[in-house]
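To get the working numbering, take the position in the sequence shown, counting from 1, and add 490. Backbone N, C-alpha and C define an ideal beta-carbon position, used for all residues, glycine too. Owing to the predicted nature of the structure, the values given are computational and were not obtained by experimental measurement. Comments concern the structure below.
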Amino acid sequence: MSQGLISGNCSSNCSNHSTISVMTPDAGRSQQDFLIGLMLAISSSVFIGSSFIFKKLGLLRLAKKQSARAGQGGYGYLKEWLWWAGMILMTSGEFMNFAAYAFAPATLVTPLGALSVIISAVLASWKLKERLNLCGKVGCLLCILGSTVMVIHSPKEQEVKDMEHLQDKLKDPVFIVFAILVVLSAFILICYFAPRYGSKNMLIYISICSVLGSFTVMGCKGVGVAIKETLNGRNEFTNPLTYILLIIVVTCILVQLNYLNRALDTFNTAIVTPIYYVFFTSAVIAASLILFKEFYNMPAMDIVGDLCGFFTIIAGIFLLNAFKDMDISLANLPSLRKDQNNSNSNGDISAVLDRERLIEEDVLTQVTEYNDDNFTDDHNQNHIIF
491 MSQGLISGNC SSNCSNHSTI SVMTPDAGRS QQDFLIGLML AISSSVFIGS SFIFKKLGLL
551 RLAKKQSARA GQGGYGYLKE WLWWAGMILM TSGEFMNFAA YAFAPATLVT PLGALSVIIS
611 AVLASWKLKE RLNLCGKVGC LLCILGSTVM VIHSPKEQEV KDMEHLQDKL KDPVFIVFAI
671 LVVLSAFILI CYFAPRYGSK NMLIYISICS VLGSFTVMGC KGVGVAIKET LNGRNEFTNP
731 LTYILLIIVV TCILVQLNYL NRALDTFNTA IVTPIYYVFF TSAVIAASLI LFKEFYNMPA
791 MDIVGDLCGF FTIIAGIFLL NAFKDMDISL ANLPSLRKDQ NNSNSNGDIS AVLDRERLIE
851 EDVLTQVTEY NDDNFTDDHN QNHIIF
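As structure tokens, then:
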């Protein structure tokens, strides 16, 4: 009996030790993957945020050479090494962002993309001397907050196991209608609105980049599935869908780069970057929801969270655009409070100033009339004499 207990205890202890020895490496590997994904996501944001500044510096150098600017349809930026440095940074950042999804959860990686907005805005004010007032800074924070809330509360993307599964989803009538609307919207924006209003309204260029960006991400996911299946022994490069997706990705990226360069060359970088982030993220989320249909299982809390995030983004965009030309800073706020205190203690200063201005105008009018009368009398007397 005692031997049985001893043997039972030994077996249980041995099993516990074996379990611990098995679980510990997995837990350590999981923590290591989390840290790798976190560092990749942060590095991706730093690289992408910095890429906007390098490309802007290249476009400014091109403008000093009096070459055709990107906003005017020129392609001289292809000869600027600063622009290519920005492109390398952006490409590296996108690869890091893609790799981060393999190590860390999407709920961690995707919101961290908002860090690129902050980095770009800070570098723009430092290196490009572009002013971002207090309302613009609050607007950036609201855009980041709203986008982050939307990403966190959005449903998770379904895993696409193979190309057949993806092909079935692409045949869905709802997604086909969405794709047709996206293509028509991009065509109208490129052919009609961009030539007429693109240089006056940054939303034209950014909308083109965003709507095509939703196709770019979906195409990249499809090409990624094809590469993964090919590495697993099933050659998907004999599938025509792979090449169709590859053509879509290359075409959309080229068009996006063209109009993103025009937006950066024409408008303030600190304004373009957050709005582009918001529009691009929203378009990608919409395409993902329609293609993978996770919105059917969304809880009420996530729906409310998405609505709150959406309205927060609208408020941020309004602050960025409505007050971008006003001189609003923290240094101005104390003077405003001081003026308010003085007006409360000494009366309505604005009314007093208006009254004094009216009195001065009345005096000037009387003096002018008096001089005119004297000039008329002298003129009449001289006319009579002669």
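Terminal residues of the continuous alpha helix (DSSP H) containing threonine 720? 692-721
Go ahead and pull the three-state DSSP assignment for valine 512. For valine 512, the pLDDT reaches just 45, beneath the cut-off of 50, and the residue's location in the model is therefore unreliable, leaving the point undetermined.
Identify the continuous alpha helix (DSSP H) that holds isoleucine 666 and give its terminal residues. 663-678
Nonlocal neighbours in the same chain, by C-beta distance under 7 Å from alanine 676, ignoring five residues either side: Ile698, Val701, Leu702
Beta carbon of phenylalanine 544, beta carbon of methionine 586: below 9 Å? no
Distance check for tyrosine 749 and isoleucine 694, CA to CA, integer angstroms please. 9 Å
According to DSSP, is aspartate 817 helix, strand or coil? coil
Could you check what DSSP says for arginine 551 in three-state terms: helix, strand or coil? helix
Please state whether the Cβ-Cβ distance between alanine 531 and glycine 548 is less than 9 Å. no
Identify which residue in Tyr767, Met708, Thr771, Ile765 has its Cα closest to the Cα of cysteine 742. Met708
Rounded separation between alanine 684 and arginine 752 - CA only: 10 Å
Cutoff 8 Å; reference isoleucine 608; Cβ partners in own chain excluding five residues on either side: Gly539, Cys630, Ile634
Give a yes or no on contact between the segment 611-628 and the segment 785-804, applying the rule of three or more CB pairs nearer than 8 Å. no
Rounded Cβ spacing between methionine 692 and isoleucine 761 (contact assumed at less than 8 Å): 7 Å
Drop a sphere of 10 angstroms on the beta-carbon of tyrosine 567, count the other beta-carbons inside from all chains shown, and report buried for 16 or more, exposed for fewer. buried
For aspartate 755, the first and last residue of its enclosing alpha helix (DSSP H): 730-756
Please say whether leucine 735 and valine 713 have beta carbons closer to each other than 9 Å? yes
So, for glutamate 584: in the same chain, excluding its five sequence neighbours on each side, which residues have a beta-carbon less than 8 Å away from its beta-carbon? Ser534, Ile538
Which stretch, first to last residue, makes up the alpha helix (DSSP H) that contains alanine 614? 605-617
Helix, strand or coil for lysine 659 per DSSP? helix
Could you please give the first and the last residue of the uninterrupted alpha helix (DSSP H) stretch that includes tyrosine 687? 684-687
Please report how far the alpha carbon of alanine 821 lies from the alpha carbon of phenylalanine 782, in whole angstroms. 49 Å
By alpha-carbon positions, which one of Pro764, Glu570, Asp755, Phe665 ends up nearest to valine 612? Pro764
Measuring only the C-alpha atoms, how far is asparagine 729 from valine 739? 16 Å
As a quick exercise: from Ala805, Leu656, Ser772, pick the residue whose alpha carbon is nearest that of leucine 632. Ala805
Among Met816, Asp792, Leu823, Phe813, whose alpha-carbon lies nearest the alpha-carbon of isoleucine 642? Asp792
What's the C-alpha gap between glycine 636 and glutamate 726? 39 Å
Report the three-state DSSP secondary structure of proline 764 (helix, strand or coil). helix
For threonine 802, three-class secondary structure by DSSP: helix
How many Å lie between isoleucine 737 and leucine 823 at the Cα? 53 Å
Thinking threonine 759 and lysine 546 are a contact (beta carbons under 8 Å), I'd like their distance in whole angstroms, please. 5 Å
DSSP state of phenylalanine 727 mapped onto helix, strand, coil: coil
Find the nearest neighbour of threonine 771 within the set Phe705, Thr720, Leu754, judged by alpha-carbon distance. Phe705
Secondary structure at lysine 783, three-state DSSP: helix, strand or coil? coil
Tell me whether isoleucine 803 is buried or exposed, calling it buried when 16 or more other Cβ atoms sit within 10 Å of its Cβ. buried
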